[in-house]
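The next block holds one structure in the form of structure tokens; read it before the comments.
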DNA sequence: CTGAAAGCGCTAACAG
DNA sequence: CTGTTAGCGCTTTCAG
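Residue numbers (full-length UniProt numbering), protein chains in the order written: chain X, 1 to 343; chain L, 1 to 343.
Now the structure itself:
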């Protein structure tokens, strides 16, 4: 068990002052006589000196950590986002302090406080029900905030995805392929993003002079929403069943997300229908499984990784230019065409 | 923009000393006259004082962060692990400093150094090719290490999973259901864990006096191993194809993981075979999708969340009892029986 | 019950 | 080119 060796020990060993050691350590360009410099280096080497970042941080009142707040680390959407953040943050020689709130507002608040106490100066927040008032307090105290996919009443840089346009694109794709009977299957429209998708879908039908047929619109009922993929998948199966019991089927279906689409396809196939020949299907998200399933799934891509990159870059920028005005970024969807609409 | 308020400001405002403020803040039982205590509290409230953890940390030379090193945050296995860790670590009022190495040994080393410089005293390491020598250095310097799923030449607490037994259980399940022609489909046996699974599988056949039939054993060739689910799935499909071209099929197949099993099932079904009637299939991992697919997949569960909990508990223990001997933990697999073998 | 003072490890004027 | 020194914000003896 070695004892902690500090910059003082190095100074003594090299017969110099801590100032010089510090300079050798942090300031390569600072003029230090070569012989002294090497003596310091040798001492560092020999004593196995490792700088204490806590001392440094207290003195310089800076932090090389970025707080990231997300609701659910088990959701691939967020891990992809984190990968995008990391890509940028690592290049800035900074580190991510990851806070997983499990959608618990109290825990989120605790994390926020902790980050602030840790003197973290930049945060990327992608959470539920964020405490705007506390966020304002943070901003007043020199904390830069980037809000990811949130509709906050806060003057900060925001990264959002154009769900409306995503819904529009999906519908347009089907229309351009000749479909006029278009269904929509979704989990409850309790989330803002889902409502936007649906609105975009409706707007597109409207624009092309196609009437939305109520019997083709199946939206899950509120009560049951558990979390996760399982629910989406099951919901897709259930609602597809309901659709099958109608007198007449649409020639195509747009699903609120990929997992729902998988459920829908499964159920239709179980009933002897061919995808895309009998019914074309479009999903939303572009998760990995889309390429894997049979038929592969046409879907809307969010380029979540890119959004992560953008969020991190925006934060880095605002930390360097603390007086720059916050920006509003609306990321655009891309349609990924695959077999499920290629009939 | 407010100026930073410190413990000094509070002391002044309450007409007392920083010592008293610190005591009010950290030591509820310390005898402080009630009137003074409330005066301090009021000052804290009024000035919006937030303690600076960096100062505290420097003074007390403690850290409330736990370093967690994993190779890939996009892999659900690791996020589940992290959830398990969090569950415990949060209860200890500590925080996770998450380091995602992307399987890059250099990056891993950098993270390790950073954590040490940050005075982190406990780390949970689940990585590739860890630098044992540096880990030894850390241990000498009072850092507690728990190694997760690794075969390290290091005297530290280890959490491992009994892959061998998992392979054994899977084979035994098929044998007990009357199968004698049992196939095995896998990605290359380049990883230790995969080899163990295969060995367990072989040992079980052996113990029950069943001959392993080479033509039923399909193991992917080395070169192509990209990362991720896609590969496993494709590999399953490819190898199932090869199997179908043999003169004779096994009545059951054990797959190295669930994604591989999905590929195998897909390919067999595409060729008109019924699962489990014609061929029973067992996977390994118990990912969410197992319940979703049709038929649902019998598999081996690793209870990764539990392993995370255990790892974190072990770490917390060793940090409290720094002289306690490291332990070796071997977690046991569970067979989850579903439709794919229930013919 | 309370306060003065030292000092954790480091950096950055400032003086030489 | 180098060293002295003050002090970041906090806790904790020690003395009263």
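Glycine residues also receive a C-beta, built at the ideal position from the N, C-alpha and C atoms.
Touching by the beta-carbon criterion (3+ pairs, under 8 Å), the stretch 175-188 of chain X and the stretch 199-214 of chain X: Counting C-beta pairs with one atom in each stretch, the stretch 175-188 of chain X and the stretch 199-214 of chain X have three or more that are closer than 8 Å, which means they touch.
Neighbour flag for residue 275 of chain L against chain X, beta carbons, 7 Å: Locating residue 275 of chain L in the second chain gives position 275, where the first residue counts as 1. No - not a single Cβ of chain X is within 7 Å of the one on residue 275 of chain L.
Neighbour flag for residue 125 of chain X against chain L, beta carbons, 7 Å: Working through the first chain from its first residue, we reach residue 125 of chain X at position 125. No, because no Cβ of chain L sits closer than 7 Å to the Cβ of residue 125 of chain X.
Local conformation of residue 343 of chain L per DSSP, three classes: Counted from its first residue, the second chain places residue 343 of chain L at position 343. Residue state for residue 343 of chain L is assigned as coil, using DSSP reduced to three classes.
Interface partners of residue 301 of chain X on chain L, CB under 8 Å: Here residue 301 of chain X corresponds to residue number 301 of the first chain, with the count starting at 1. Those within 8 Å of residue 301 of chain X in chain L number zero; the least Cβ separation is about 16 Å.
Residues bridged to residue 95 of chain L [DSSP beta-bridge criterion]: Taking the first residue of the second chain as 1, we reach residue 95 of chain L at position 95. In the DSSP secondary-structure assignment, residue 95 of chain L is bridged to L:65.
Buried versus exposed, by CB contacts within 10 Å (16 or more), residue 84 of chain X: Taking the first residue of the first chain as 1, we reach residue 84 of chain X at position 84. Buried is the call here.
Alpha carbon of residue 171 of chain L to alpha carbon of residue 163 of chain L, nearest angstrom: Against the second chain, residue 171 of chain L aligns to sequence position 171. Against the second chain, residue 163 of chain L aligns to sequence position 163. Distance between the alpha carbons of residue 171 of chain L and residue 163 of chain L is about 13 Å.
Residue 339 of chain L and residue 296 of chain L closer than 7 Å at C-beta: Within the second chain, numbered from 1, the residue matching residue 339 of chain L stands at position 339. Within the second chain, numbered from 1, the residue matching residue 296 of chain L stands at position 296. Yes.
Start and end residues, alpha helix (DSSP H) containing residue 346 of chain X: In the structure as shown, chain X starts at 1 and stops at 343, and residue 346 of chain X therefore has no counterpart that could be examined.
Whole-angstrom distance between residue 98 of chain L and residue 72 of chain L, CA atom to CA atom: The residue given as residue 72 of chain L occupies position 72 in the second chain. The residue given as residue 98 of chain L occupies position 98 in the second chain. Cα-Cα distance, rounded: 11 Å.
Range covered by the alpha helix (DSSP H) that runs through residue 22 of chain X: As a position in the first chain, residue 22 of chain X is number 22, starting the count at 1. Membership of residue 22 of chain X in the alpha helix (DSSP H) is indicated by the continuous run 18-26.
8 Å Cβ cut-off: residues of chain L touching residue 49 of chain X: Within the first chain, the letter at position 49 stands for residue 49 of chain X. Chain L residues near residue 49 of chain X: none, gap ~11 Å exceeds 8 Å.
Beta-carbon separation (whole angstroms), residue 69 of chain L vs residue 101 of chain L, contact threshold 8 Å: The sequence position of residue 69 of chain L within the second chain is 69, counting from 1. The sequence position of residue 101 of chain L within the second chain is 101, counting from 1. Indeed they touch by this definition, with Cβ atoms about 6 Å apart.
Closer than 7 Å to chain X by CB, residue 22 of chain L: Numbered from 1 along the second chain, position 22 holds the residue referred to as residue 22 of chain L. With 7 Å as the cut-off, residue 22 of chain L does not count as an interface residue toward chain X.
Minimum Cβ-Cβ distance from residue 117 of chain X to chain L less than 7 Å: Start at 1 with the first residue of the first chain, and residue 117 of chain X comes out as number 117. So yes, residue 117 of chain X belongs to the interface.
Cβ neighbours of residue 122 of chain X in the same chain (closer than 6 Å, five flanking residues each side left out): Within the first chain, residue 122 of chain X is the residue found at index 122, counting from 1. Answer for residue 122 of chain X: 66, 144, 315 and 319, listed in chain order.
Members of the UniProt domain "HTH lacI-type" (5-60) of chain L that neighbour chain X once the beta carbon cut-off is set at 8 Å: Those would be 48, 50, 51, 52, 53, 54, 55, 57 and 58, in chain order.
Rounded straight-line distance, which links the Cα of residue 317 of chain X to that of residue 317 of chain L: Residue mapping note: residue 317 of chain L aligns to position 317 of the second chain, counting from 1. Residue mapping note: residue 317 of chain X aligns to position 317 of the first chain, counting from 1. Cα to Cα, the separation comes out at about 42 Å.
Chain-ordered neighbours of residue 79 of chain L on chain X, where CB pairs are closer than 8 Å: As a working note, residue 79 of chain L is residue 79 in the second chain. The answer, in chain order, is 73, 74 and 79.
Helix, strand or coil at residue 211 of chain L [DSSP, three-state]: Locating residue 211 of chain L in the second chain gives position 211, counting from the first residue. Of the three classes helix, strand and coil, the one that applies to residue 211 of chain L here is coil, per DSSP.
Span of the beta strand (DSSP E) around residue 148 of chain L: Along the second chain, one-based indexing puts residue 148 of chain L at 148. Taken as a continuous stretch (DSSP letters only), the beta strand (DSSP E) holding residue 148 of chain L covers 144-148.
C-beta contact flag for residue 328 of chain X and residue 158 of chain X at 7 Å: Here residue 328 of chain X refers to the residue found at position 328 of the first chain. Here residue 158 of chain X refers to the residue found at position 158 of the first chain. Yes, the pair counts as a contact, with Cβ atoms nearer than the cut-off.
Through-space distance from residue 36 of chain X to residue 160 of chain X, alpha-carbon basis: Along the first chain, one-based indexing puts residue 160 of chain X at 160. Along the first chain, one-based indexing puts residue 36 of chain X at 36. Taking the straight line from one Cα to the other gives about 54 Å.
For residue 186 of chain L, three-class secondary structure by DSSP: What you label residue 186 of chain L is simply residue 186 of the second chain in a count that begins at 1. It is a strand residue.
Chain L contact for residue 134 of chain X (CB, 7 Å cutoff): Locating residue 134 of chain X in the first chain gives position 134, where the first residue counts as 1. With a threshold of 7 Å between beta carbons, residue 134 of chain X makes no contact with chain L.
Within 7 Å of chain X by C-beta, residues of the stretch 305-323 of chain L in sequence order: none
Pick from X:115, X:25, X:258 and X:218 that is closest to residue 300 of chain X, judged by C-alpha positions: The residue labelled residue 300 of chain X in the question sits at position 300 within the first chain. Out of X:115, X:25, X:258 and X:218, X:258 has the C-alpha closest to the C-alpha of residue 300 of chain X.
Start and end residues, beta strand (DSSP E) containing residue 335 of chain L: In the second chain, residue 335 of chain L corresponds to position 335, counting from 1. Per DSSP, residue 335 of chain L belongs to the beta strand (DSSP E) from 334-336.
Secondary structure of residue 100 of chain X, DSSP reduced to three states: Locating residue 100 of chain X in the first chain gives position 100, where the first residue counts as 1. Strand at residue 100 of chain X.
Simplified DSSP state of residue 254 of chain L, which is helix, strand or coil: Indexing the second chain from 1 puts residue 254 of chain L at position 254. Note: residue 254 of chain L maps to strand in three-state DSSP.
C-beta neighbour in chain L for residue 138 of chain X, strict 7 Å: Mapped onto the first chain, residue 138 of chain X falls at position 138. Not closer than 7 Å to any Cβ of chain L, the Cβ of residue 138 of chain X fails to qualify, so no.
Alpha carbon of residue 243 of chain X to alpha carbon of residue 334 of chain X, nearest angstrom: The sequence position of residue 243 of chain X within the first chain is 243, counting from 1. The sequence position of residue 334 of chain X within the first chain is 334, counting from 1. Their Cα atoms are separated by approximately 28 Å.
Rounded distance between the beta-carbons of residue 262 of chain X and residue 289 of chain X, thought under 8 Å: Numbered from its first residue, the first chain carries residue 289 of chain X at position 289. Numbered from its first residue, the first chain carries residue 262 of chain X at position 262. At roughly 7 Å, the Cβ-Cβ gap stays under 8 Å, so residue 289 of chain X and residue 262 of chain X are in contact.
The stretch 74-83 of chain L touching the stretch 48-63 of chain L, judged by at least three CB pairs closer than 8 Å: Using a Cβ-Cβ distance cut-off of 8 Å, the stretch 74-83 of chain L and the stretch 48-63 of chain L are not in contact, since fewer than three pairs of beta carbons, one from each stretch, lie closer than that value.
Proximal residues of chain X, C-beta to C-beta of residue 98 of chain L below 7 Å: Locating residue 98 of chain L in the second chain gives position 98, counting from the first residue. The answer, in chain order, is 96 and 98.
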